[in-house]
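Everything on this sheet refers to the single structure shown next.
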């Protein structure tokens, strides 16, 4: 009994036997405090871990944004380069493909009128340089009857010419010559070969008056004629340069400034459909005519009118309307190069001493054509 009390006091007093002021409840408080301290310590650790996780997440997010930026910059650049390469390649391929269809200025005659500006066309000036011709032929009547003037019969033929140089008119020979006459028969009018001609004169119909023209050249074999206008007349000349018909190609665009049925100037579009006349040209025209064919055809009255082509948007005279076959759309024009050489050879024989050929003497110098020869009166004999 005494021993138990002693042990209890010892527990209360302490190990040294001195009484302790702490009550058993104070130990429980210390335990609670220790637990709270441990809990706070654990919470602090969790907060530290959470803070570290947030920091790591932030750093990882930052690294991810940089990586994304680098990736975007890298692959965006590659994508942009690819897009630019594709666009350039597509443009080149498209240009190569469209080059077959889009006309370009290449120094040759155009297949389209896209380069021709309205200010350059000036078709009214061309019509002013086209004049009306009237040829009066007197010959003996074929029926042996008496005509209006001592038994002679008169026939009139109308045509069209182009004014070139200082008062020269270029046309086709068949519009100045009456080779057939109409004779009345019981069955109606019939064309017959013309009898012997007494006289044949060509007049210029200008502003309501008739002016006699001097015939310088009439070549029936090649169907070309050149006339001289009286000096007192100042006619508007053809406003565009002489072209080079040897450079014409099938498909070239042309204008025919015609005079269908002698009803007035009429402008029509067409193309060069062939570089040589049809085989049966001899049925309607001389076989020696150097001509090219037109797609839009010609009609009676167009003979002697200009055919112009377009070279890089500028008009040039390349031919003279010649003939057609019946009511077909087959028509052709005499090449202007052939006309130039023919006229120059003929004028030389008549005493025109100029030399309009180039250094090689084999090809016409376009800068010194027969128009230059016609304009330079010092090269020609006296023409009244």
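Residue numbers (the numbering used here): 2 to 385.
C-beta: ideal position from N, C-alpha, C; glycine also.
Considering only residues of the same chain and omitting the five flanking positions on each side of residue i, which have a CB-CB separation below 6 Å?
| i | result |
| --- | --- |
| residue 302 | 260, 261, 262, 263 |
| residue 251 | 273 |
| residue 120 | Any reading at residue 120 must be qualified, since the residue scores a pLDDT of 49, below 50, and its modelled position is unreliable; the value itself is stated next. So no residue of the chain qualifies. |
| residue 277 | none |
| residue 190 | 183 |
| residue 385 | The pLDDT assigned to residue 385 is 42, lower than 50, so where the model puts this residue is not dependable, and the model offers no usable value. |
| residue 124 | 268 |
| residue 242 | 317 |
| residue 137 | 157, 202 |
What residue range is occupied by the uninterrupted alpha helix (DSSP H) comprising residue i?
| i | result |
| --- | --- |
| residue 347 | 337–350 |
Just checking my contact of residue i with residue j at CB under 8 Å: how many whole Å lie between their CB atoms?
| i | j | result |
| --- | --- | --- |
| residue 347 | residue 218 | 5 Å |
| residue 304 | residue 160 | 6 Å |
| residue 314 | residue 116 | 3 Å |
| residue 111 | residue 254 | 6 Å |
| residue 134 | residue 203 | 6 Å |
| residue 306 | residue 258 | 6 Å |
| residue 132 | residue 205 | 6 Å |
In the DSSP assignment, the beta strand (DSSP E) including residue i goes from what residue to what residue?
| i | result |
| --- | --- |
| residue 201 | 198–207 |
| residue 128 | Per DSSP, residue 128 belongs to no beta strand (DSSP E); it is in the alpha helix (DSSP H), 124–129. |
| residue 256 | 254–259 |
| residue 171 | 169–172 |
| residue 293 | 292–295 |
| residue 263 | No beta strand (DSSP E) holds residue 263; DSSP gives it neither H nor E. |
| residue 156 | 154–165 |
| residue 309 | 307–312 |
| residue 223 | No beta strand (DSSP E) contains residue 223, which DSSP labels as neither H nor E. |
| residue 213 | 210–213 |
| residue 316 | 315–325 |
| residue 191 | 189–194 |
| residue 106 | Careful: residue 106 lies outside any beta strand (DSSP E) and carries neither H nor E. |
Evaluate residue i with the Cβ neighbour count: other Cβ atoms within 10 Å of its Cβ, from every protein chain shown; 16 or more gives buried, anything less gives exposed.
| i | result |
| --- | --- |
| residue 312 | buried |
| residue 336 | buried |
| residue 294 | buried |
| residue 194 | exposed |
| residue 184 | exposed |
| residue 113 | exposed |
| residue 157 | exposed |
| residue 333 | buried |
| residue 78 | exposed |
| residue 256 | buried |
| residue 169 | buried |
| residue 310 | buried |
Can you find the residues in the same chain that come closer than 7 Å, C-beta to C-beta, to residue i, ignoring five residues on each side of it along the sequence?
| i | result |
| --- | --- |
| residue 80 | none |
| residue 200 | 139 |
| residue 338 | 245, 246, 247, 365 |
| residue 290 | 223, 224, 278, 282, 323, 335 |
Which same chain residues, not among the five before or five after residue i, have their C-beta less than 8 Å away from its C-beta?
| i | result |
| --- | --- |
| residue 361 | In this prediction, residue 361 has a pLDDT of 38, which is less than 50 and means its spatial position is unreliable; what the coordinates show is noted afterwards. Closer than 8 Å at the Cβ level, and outside the excluded window around residue 361, lies no residue. |
| residue 118 | 314 |
| residue 234 | 168, 205, 207, 212 |
Report yes or no: do the segment 216–232 and the segment 266–276 share at least 3 C-beta pairs separated by less than 8 Å? Using a Cβ-Cβ distance cut-off of 8 Å, the segment 216–232 and the segment 266–276 are not in contact, since fewer than three pairs of beta carbons, one from each stretch, lie closer than that value.
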